[in-house]
Structure formats: structure tokens, C-alpha cells
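Data first, discussion second: the structure below is written as C-alpha cells.
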Amino acid sequence: MEKDILRGGQFLVKEIECEDIFTPEDFNEDQLMMKEAVTEFIDREVWAKKAQFEKKDYALTESCMRQAGDLGFLSIAVPEEYGGMGMGFVDTVLVCDYISGATGSFSTAFGAHTGIGTMPITLYGNEEQKKKYVPKLASGEWFGSYCLTEPSAGSDANSGKTKAVLSEDGKTYKITGQKMWISNAGFCNLMIVFARIEDDKNITGFIVEYNPDAPNGITMGEEEHKLGIRASSTRQVFFNDTVVPVENMLSTRGNGFKIAMNALNVGRIKLAAACLDAQRRVISESVNYANERIQFKTPISSFGAIRQKIAEMATNCWVGEAATYRASKNIEDRIELRKNNGKDSHQEAELKGVEEYAIECSILKVAVSEFIQKCSDEGIQIYGGMGFSEETPIESAWRDARIARIYEGTNEINRMLSIGMLIKKAMKGHVDVLTPAMAVKDELVGIPSFEVPDYSELFSEEKNIIKNLKKLFLMVAGAALQKYGEKIEQQQQLMLAASDILIQIYLAESAILRAEKMAKKDGEDSAKEQIAMAKLNLFHAIDVIETAGKHSIISFSTGDEQRMMLMGLKRYIKYVNMPNIIELRHIIAEKVIKENKYCF
Amino acid sequence: MKILVCISHVPDTTSKINFTEGDTKFDTNGVQFVINPNDEFGLTRAMWFKEKQGANVTVINVGGADTEPTLRKALAIGADAAIRVNTVPADGFSVAKQLATVIKDGAYDLVIAGRESIDYNGGMVPGMIAGLVGANFVNNCIGLEVEGTNAKVIREIDGGKETVSTNLPLVIGGQKGLVEETDLRIPNMRGIMMARKKPLTVVEPSSISGETSSMSFEKPAPKGAVTLVSADNLDELVSLLHNEAKVI
Ligand SMILES: Cc1cc2nc3c(=O)[nH]c(=O)nc-3n(C[C@H](O)[C@H](O)[C@H](O)COP(=O)(O)OP(=O)(O)OC[C@H]3O[C@@H](n4cnc5c(N)ncnc54)[C@H](O)[C@@H]3O)c2cc1C
Numbered sequence: 001m002e003k004d005i006l007r008g009g010q011f012l013v014k015e016i017e018c019e020d021i022f023t024p025e026d027f028n029e030d031q032l033m034m035k036e037a038v039t040e041f042i043d044r045e046v047w048a049k050k051a052q053f054e055k056k057d058y059a060l061t062e063s064c065m066r067q068a069g070d071l072g073f074l075s076i077a078v079p080e081e082y083g084g085m086g087m088g089f090v091d092t093v094l095v096c097d098y099i100s101g102a103t104g105s106f107s108t109a110f111g112a113h114t115g116i117g118t119m120p121i122t123l124y125g126n127e128e129q130k131k132k133y134v135p136k137l138a139s140g141e142w143f144g145s146y147c148l149t150e151p152s153a154g155s156d157a158n159s160g161k162t163k164a165v166l167s168e169d170g171k172t173y174k175i176t177g178q179k180m181w182i183s184n185a186g187f188c189n190l191m192i193v194f195a196r197i198e199d200d201k202n203i204t205g206f207i208v209e210y211n212p213d214a215p216n217g218i219t220m221g222e223e224e225h226k227l228g229i230r231a232s233s234t235r236q237v238f239f240n241d242t243v244v245p246v247e248n249m250l251s252t253r254g255n256g257f258k259i260a261m262n263a264l265n266v267g268r269i270k271l272a273a274a275c276l277d278a279q280r281r282v283i284s285e286s287v288n289y290a291n292e293r294i295q296f297k298t299p300i301s302s303f304g305a306i307r308q309k310i311a312e313m314a315t316n317c318w319v320g321e322a323a324t325y326r327a328s329k330n331i332e333d334r335i336e337l338r339k340n341n342g343k344d345s346h347q348e349a350e351l352k353g354v355e356e357y358a359i360e361c362s363i364l365k366v367a368v369s370e371f372i373q374k375c376s377d378e379g380i381q382i383y384g385g386m387g388f389s390e391e392t393p394i395e396s397a398w399r400d401a402r403i404a405r406i407y408e409g410t411n412e413i414n415r416m417l418s419i420g421m422l423i424k425k426a427m428k429g430h431v432d433v434l435t436p437a438m439a440v441k442d443e444l445v446g447i448p449s450f451e452v453p454d455y456s457e458l459f460s461e462e463k464n465i466i467k468n469l470k471k472l473f474l475m476v477a478g479a480a481l482q483k484y485g486e487k488i489e490q491q492q493q494l495m496l497a498a499s500d501i502l503i504q505i506y507l508a509e510s511a512i513l514r515a516e517k518m519a520k521k522d523g524e525d526s527a528k529e530q531i532a533m534a535k536l537n538l539f540h541a542i543d544v545i546e547t548a549g550k551h552s553i554i555s556f557s558t559g560d561e562q563r564m565m566l567m568g569l570k571r572y573i574k575y576v577n578m579p580n581i582i583e584l585r586h587i588i589a590e591k592v593i594k595e596n597k598y599c600f
Numbered sequence: 001m002k003i004l005v006c007i008s009h010v011p012d013t014t015s016k017i018n019f020t021e022g023d024t025k026f027d028t029n030g031v032q033f034v035i036n037p038n039d040e041f042g043l044t045r046a047m048w049f050k051e052k053q054g055a056n057v058t059v060i061n062v063g064g065a066d067t068e069p070t071l072r073k074a075l076a077i078g079a080d081a082a083i084r085v086n087t088v089p090a091d092g093f094s095v096a097k098q099l100a101t102v103i104k105d106g107a108y109d110l111v112i113a114g115r116e117s118i119d120y121n122g123g124m125v126p127g128m129i130a131g132l133v134g135a136n137f138v139n140n141c142i143g144l145e146v147e148g149t150n151a152k153v154i155r156e157i158d159g160g161k162e163t164v165s166t167n168l169p170l171v172i173g174g175q176k177g178l179v180e181e182t183d184l185r186i187p188n189m190r191g192i193m194m195a196r197k198k199p200l201t202v203v204e205p206s207s208i209s210g211e212t213s214s215m216s217f218e219k220p221a222p223k224g225a226v227t228l229v230s231a232d233n234l235d236e237l238v239s240l241l242h243n244e245a246k247v248i
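Line by line, the protein sequences give chains D and E. Read in order, the letters of the first sequence are residues 1 to 600 in full-length UniProt numbering. Read in order, the letters of the second sequence are residues 1 to 248 in full-length UniProt numbering.
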């Protein structure tokens, strides 16, 4: 019988077994071969030319994209009918992961093209549109870009002023307006453009071809000079009476905002993946440097201060992998399920499959983009003064990392979205938050048990803590929702704090399940570093959650209610057999230092 | 033309090398395996024959099931079929004999092996198979062309090269030069998808035992630390060169 697949957001109210999650250890032979092929390409063609990317060699980015097209890397997610490989969602995420580590310039070009530049057509295009455009995009003959942002419409993406006016004969639209921060603008042949028709509430999407020799009213701004991703083309794009046939409207009038948001859902999980290999590379470079750099007659990698950094960097990366691949497989399974139920077309299944996990996609985008930031920052610190030099790969990694917190929806927007979407799901009854929240309330007024359960089995206490942290979230969110109702969205600081709790829970649980799965398969001794990473991460998660929980509770409750919740908080974060995290860090760092690279 | 490319499954050059069982066995723990570089040059040249002259390319490895990913990679790069002789190689001679059995059965026109594999660097397999199957043999090949049953082979000799004309069936020991590093192929996605559908035949070994066995391995002594001597301290330099380095 088919196993019930966890729905989006349900991780919060369900207990999940390690056998139920997919981990990078579960890659099959084909996936390993894909990973190897992509890595070989990146090492040879991109990493080796890193310095050229930093010199703003836009042509190099374009030529690497073309090579990626020749190798089929641009067509992974594209259905076979339209010249693609029609591979699964995990494959898509895997390629996106390993193709993105060497430089943010290439990774942005790749992401903008394969994600927001192509997906709107594969997901929302009609048959003619897909037949006409998708094969060209899949092969890399054409490149795509995505024109949503405007000078006055950034996070508020639906507020754009770009207009689309229908011609008198009803055959064409004329688009006029200004777009900015458009990735791949400098070498694209096709743009997904969002514009407003008359005074519609919502914008509409269009497929606009671009040929520099016949510009059709389109002019490009100069390349932006940016902090990072320096060889990624980013320009303003001006439309002046650009004529677009009515057949090129994407989906229906007024559906543009929905397209924009759904394209971003996919983009978000892919962006998380795109921040993984960059971490692996930064860790490997940093540990290699630390092993070679001698101070006080000792390799600096033997200093506790450096080992601490190495352990924390590796842990974050490994936890990010656990969560990203777990969600990827959920999405893949959901797509398959929808396809097989006969009701959905491939397109529909894909769309709904990803939408289902929009909460997880936001969580991942925020968490992993912050991991790469921290990782590259500590990488610089390990390099010391050399880390500040353009000659090291760490310096550019740090600058490149910064954009990930801004695009595909800023991390603030994504944090608030994660909670906002969860509330919506709860209201719709898709995730039953109410029953468990009531149960928590009852539990809180009851007398807590002072018996310490038998925690001898691996992770038995940690899994219990995860269960409690979920209760803690339900306690805080439930009470806040009761207090503010739908107006909770205006309580942004509270929403941010709640999302921090949510993020930590998802990541900590994913990490523990990944380590448990490994330990069950290979034995606890073989998985000792993984066990250490899962525990170290949970320990930090509890700290973050305690702070965020306290801030929240104090902000909206008083008197007895507040006292009770603070006591609940204390109860739910209790860790009886607290691990010695200094020792955990040594276990993790020891391995990375010995292998001289990220090795998990 | 039927081509057989011998593929050795070797540790990546960046692997950390360790030994177990009292220094008699190579420790494969955590080691990444790849196609032997000399064989990869040969495979890439074979792909050229396939694409330009319609050759049929089979790859072969003598090894356990753990070597199959390496064969799959060769299939993903474009080989038509793969054969794995299901035995863990004992030594160069036993490998050559296993290969010779398959080569005789398969009537291959051209056998491309690497000059040597980068793990044990025995360098004897190609010559031995040529001897065992009675084919012509050219070693250290840096260029290969075939027309009809004639082959023009360029081989590296000390300080120069020699062009040799010979006939098929032929065994070559190939190396860099057959193609250049930039010609080496990364398997493309379609290739990876197709690889699964191509035949990978496992054949049981003929009963051949190794004639040699490894008694022990030794790693080279680690490089010593660098001693810096200040430029105006010639006495110390002389003393170090005399007493420690023992070169003067
Ligand atoms: C290098 C680069 C490439 C890009 N590529 C593309 C592309 O290809 N296509 C495209 O369409 N766009 C692209 N963008 C645009 C990008 O998506 C936007 O920059 C991003 O969405 C943020 O919008 P903004 O810059 O207008 O910032 P603003 O929306 O002005 O935000 C400024 C600050 O205010 C916060 N903020 C905004 N609204 C709220 C709110 N309601 N509540 C709380 N806080 C809020 C934000 O989190 C942020 O901290 C790119 C940007 C860059 C820098």
C-alpha cells in the first residue's frame, strides 16, 4: 500500500521516522554519476576560472551557460516532450546544488535561466508556447530572464507600474515600463515580463522575445556594479511600446502574480540547494588553509578556536543538506502521486506538488542562505588577513553569498511568508494545528511528570525534545493567534520570532533523522560525526528557540498566562543529558581536518 | 571495427593512500575511484572512432561489483556495451589472462589499454594480452589512426616520437597524446540516462590464479620540514648541509 506522504507544513504536528525521509546517503547510482559529472564540469570550466569571473567577464558566464546546455544540465527539469530530460525533482535539486558552488555569478545565471526564466512557461504555458520556446531554453540555444522587479515594486511585487495595452485589432499588446535588477538581461533571448492590463488588481505574465538586432522597443541599462556575483549580468530593462502578440500571454489575464509567486516557490528551494556546494567548497578551502598555515609553530587547525569554526561550518552545511533533500523528495513524491492519480496533468502535478511545500521552501531559502553567509564569513576568519585578499576564493564567496538573502524574496519576506502560509493552511484545515494546540494547553495546566524516561537509545531524548519544541511552537503561535486573530500579520517581530522557531524545528528534526538513518544503516560508530552534528545543531536550535519563544511570549501575554507559558517554555526546552558541545565540535572538526575537506 | 577499451578502476589522484592488514592491502576506505587516466585517453579516442568511422566500442574491467559505477561512466560517455569479469584482480598477469579470454571470444579488431594504471603502475597488461592473443602491439601510444586493416600509430620514444605502421588486430598501450586533456568528456545528462539501458554483461572468470602476491607496501618517507637559515649565517648553512643533509 502506498505510504501516506507527509503534506506541506505537517511536519509540525506529526512524528516522522527516519525511514520516511530521503537523505543524500540515498542517492542512487545515476544520481551519483550526475553529481560527479556536474562537479567535473564545474571544477574544470568554472572553478578553474574563478578569477576571471571576479573581473566581470560576462562573456565567460554566457559561454559556461552554453556548455552547460550542451551537457544537458539546463534541461533536467524540462519534460521530455519539450526536449528535456524529464528528471525527478531530487535530480533537479541535486544538479542545482553541485553546479552552484564555484561562483555566485554562474549560479545566478543558471538559476535565473532554468528556474524563473524557464519554469513559468513549463508550468503555465499552453501547448503552443511550450512547443515553441521550451526546447530552445532547455538546450541553451536561448537564454531566459525574468522581469518582475521595478524601481517602485520590489518586495511588493504586485504593485508594478509596467502597462500592457491591447491593440485596437485585438492581436497584440504593447508593453511599456521599466524593470530593474534583471538577471541574465545582457544575454537573454526571452523574457518573462509582468505587466498590468488596464487597472487590473493583479499583474499579467507575458513571454517576450528579445533580439538585440530588432529590439522592438526594448533597451537595456548598463551592467550594474555589484558587491558580489560580479560576472552575472544584471541590468535594467526598459520597454517602450514593445509589441507582443496576444498568444504570448502566459496563463490568463490577472494570473501573473500567482505565476510569479509559484515560480518563486520552486526558486526558493533551488536557491537553498545552490547555497550548499558553496559551503562545501568554502569549508574544504578553509580547512586546507588551516592545515597548512603555521602559527606559533603549529598548524592553526589544531587550535580550539579554529576547530570550533570548522565544526560549526560543517554542521550547518550538513544540516542544510539534510533539510533540503528531505523536502525535495517530499515534493518529488507529491508530484508523482498527483500524476498517478490521473486527475492532474504533468504540469498541474508539478505546480501543486511544489506549492504544497511552499512553507518548507521558504524555510529552506532563509536557513541555507544564512548558512552560506556565516560559513564564508568564518572562512575569511580562518584565513585571517589572507581572507581579506581578492586572491583567495573565500573573499568572493563571502561577497557572492550576500545576495542569497535578498533575491527570491528577502529573508524577512520569506520568514513572514512561512508563518503566514502555515496559518492559512491551518485555517483551511490542511494542517490541523488546532487540536494539538489544545492538547498542549491541557498539558500545560496539568502537573508535569518528574520521571525521567529511559533515554538510553540513540536520539531517544533528542526526538522527545523535537516533539516538545513542536509543542512549544504550537503554544506560542496558538496563543498569539488567539490574541491577534488575522491581524497577527501586522505583528512582524512576532512573526519573525515564530518563523525562527519553525525553521529551527524543521532543520533540527531533519538532521536528527538523517543521522539516525545513517546510524541504523552503518552503525553508531561509523556515524559518530553525523550524530555529533545532529546533537550540536539541536543544542543551538534550542538556544535560538528559547530566545525567540521568550521574546514572543513576553510581547503578547501578561500575568498568569505569561507565567504559565514561560514555564511551558522551560519545560519544552529541557535537555536532561545535555551533550558536551565542546567535545562534539572536536569530534566533527577532527574528521574534517584529517580528511582535509568537507567529507560528509 | 570492433574496439575493446580496457578500463582500470583506480583511486583518484588526490586520494589519501593508506594500507591495512600489516601493510599488505590498499585501504579503500573513503577513496574515490575513477577511470584510470591513461584508459580515459584511450576511451576518448575510441569515441572518435565510433563517431567518425562507425566503430563499435565495448569497455571491459576485471573486478568486483564495486567497479560497476566506473563502467557505467564509460557507458555514459558513449561506449556501446560493457563487460565485467567478475573477479578481484590478483596481479597483472591474471588480469591479462582474463582479458585475453574475452578478447579471443569477442574477435576484437583493436584493443586499447592504458600504458599503465596509476594505482600499481605495473605497466604489463597490454603487452601481455597482445602476447596471449597473438595480436600486434605498440606501447606508449600518443597517436592512432586506422584505415581498413592498417593502423598508423605514433609512439613516444625518449626525447621524440616514432610513427609505426602495423595491421589489425592490434593492442595498444595508450597515454596522453592519444587525445588531450581538454578533449576528455564529461558524461552529459542524456548519456547518463542512456547508460542504464546499455548492456553491462557480467562474465564469470576463467580459473586463473595470480602468479605473484604483494608481501608489503611502503609509503615514501614524508617530506621533512624546511629549515630557514638567515642569509648572513653561512656557517650554519655549511654545517647543516654537511651534518644533516650530508651533501657536502
Ligand atoms: C543581483 C540581483 C539580481 C536580481 N535578479 C532579479 C531578476 O532576475 N528578476 C527580478 O524580477 N528581480 C530580480 N532582483 C530583484 C530582487 O528580487 C529584489 O531586489 C528583492 O525582491 C527585494 O526588493 P527591493 O530590492 O525592492 O527591496 P525592498 O522591497 O525595498 O526591501 C527593502 C527592505 O525592506 C524589507 N521589506 C520590504 N517589504 C517589507 C514588508 N512588507 N515587511 C517587512 N519588511 C519588508 C525587505 O526585507 C528589505 O530588507 C534581483 C536583485 C538583485 C540585487
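Ideal Cβ positions, reconstructed from N, Cα and C, are used throughout, including at glycine.
DSSP state of residue i mapped onto helix, strand, coil
{"i": "Thr-163 of chain E", "result": "strand"}
{"i": "Met-578 of chain D", "result": "coil"}
{"i": "Val-440 of chain D", "result": "helix"}
{"i": "Met-564 of chain D", "result": "helix"}
{"i": "Met-87 of chain D", "result": "coil"}
{"i": "His-225 of chain D", "result": "coil"}
{"i": "Ser-239 of chain E", "result": "helix"}
{"i": "Cys-599 of chain D", "result": "coil"}
{"i": "Lys-35 of chain D", "result": "helix"}
{"i": "Thr-242 of chain D", "result": "strand"}
{"i": "Gly-177 of chain D", "result": "strand"}
{"i": "Glu-2 of chain D", "result": "The predicted model places Glu-2 of chain D with a pLDDT of 44, which falls under 50 and marks its position as unreliable; any figure quoted below should be read in that light. Residue state, collapsed to three classes: coil."}
{"i": "Arg-185 of chain E", "result": "coil"}
Beta-carbon spacing of residue i, residue j below 9 Å
{"i": "Phe-371 of chain D", "j": "Asn-316 of chain D", "result": "yes"}
{"i": "Gly-88 of chain D", "j": "Glu-336 of chain D", "result": "yes"}
{"i": "Asn-36 of chain E", "j": "Phe-26 of chain E", "result": "no"}
{"i": "Asn-61 of chain E", "j": "Val-34 of chain E", "result": "no"}
{"i": "Val-153 of chain E", "j": "Ile-172 of chain E", "result": "yes"}
{"i": "Ile-512 of chain D", "j": "Leu-469 of chain D", "result": "no"}
{"i": "Ala-274 of chain D", "j": "Ser-107 of chain D", "result": "yes"}
{"i": "residue 656 of chain D", "j": "Glu-516 of chain D", "result": "Since the first and last residues shown for chain D are 1 and 600, residue 656 of chain D lies out of range."}
{"i": "Leu-474 of chain D", "j": "Met-567 of chain D", "result": "no"}
{"i": "Asn-248 of chain D", "j": "Tyr-124 of chain D", "result": "no"}
{"i": "residue 258 of chain E", "j": "Thr-201 of chain E", "result": "The question about residue 258 of chain E has no answer here: the residues shown for chain E are numbered 1 through 248."}
{"i": "Ile-588 of chain D", "j": "Leu-536 of chain D", "result": "yes"}
DSSP bridge partner residues for residue i (one or two, in chain order)
{"i": "Tyr-146 of chain D", "result": "D:Ile-192"}
{"i": "Glu-145 of chain E", "result": "E:Lys-152"}
{"i": "Glu-209 of chain D", "result": "D:Leu-190"}
{"i": "Met-249 of chain D", "result": "D:Phe-206"}
{"i": "Arg-84 of chain E", "result": "E:Asn-61 and E:Val-202"}
{"i": "Ala-113 of chain E", "result": "E:Gly-173"}
Chain-ordered chain E contacts of residue i [CB-CB under 8 Å]
{"i": "Met-518 of chain D", "result": "Here the premise fails: no neighbours, minimum Cβ distance about 15 Å."}
{"i": "Met-85 of chain D", "result": "Met-189, Arg-190 and Met-193"}
**Item:** Interfacial residues, the region 67-83 of chain E to chain D, with Cβ spacing under 9 Å
**Value:** Glu-68, Pro-69, Arg-72, Lys-73 and Ala-76
**Asked** Which residues, in chain order, does the region 17-39 of chain D contribute to contact with chain E at a C-beta distance below 8 Å?
**Response** Glu-29, Asp-30, Leu-32, Met-33, Met-34, Glu-36 and Ala-37
**Message:** Tell me which residues of the region 165-195 of chain E have at least one Cβ-Cβ distance to chain D shorter than 7 Å, keeping chain order.
**Reply:** Ile-186, Pro-187, Asn-188, Met-189, Arg-190, Ile-192 and Met-193
**Message:** What are the residues in the region 60-76 of chain D lying within 8 Å of chain E by C-beta distance?
**Reply:** Asp-70, Leu-71, Gly-72, Phe-73, Ser-75 and Ile-76
**Selection of the region 102-124 of chain D by Cβ proximity to chain E, strictly under 7 Å** = none
**Request:** Closer than 7 Å, Cβ to Cβ, to anything on chain E: give me those residues from the region 311-340 of chain D, in chain order.
**Result:** none
**Item:** Proximal residues, the region 292-305 of chain D versus chain E, C-beta separation under 8 Å
**Value:** none
**Item:** Residues, ordered as in the chain, of the region 37-57 of chain D that lie near chain E by beta-carbon distance below 7 Å
**Value:** Ala-37, Glu-40 and Phe-41
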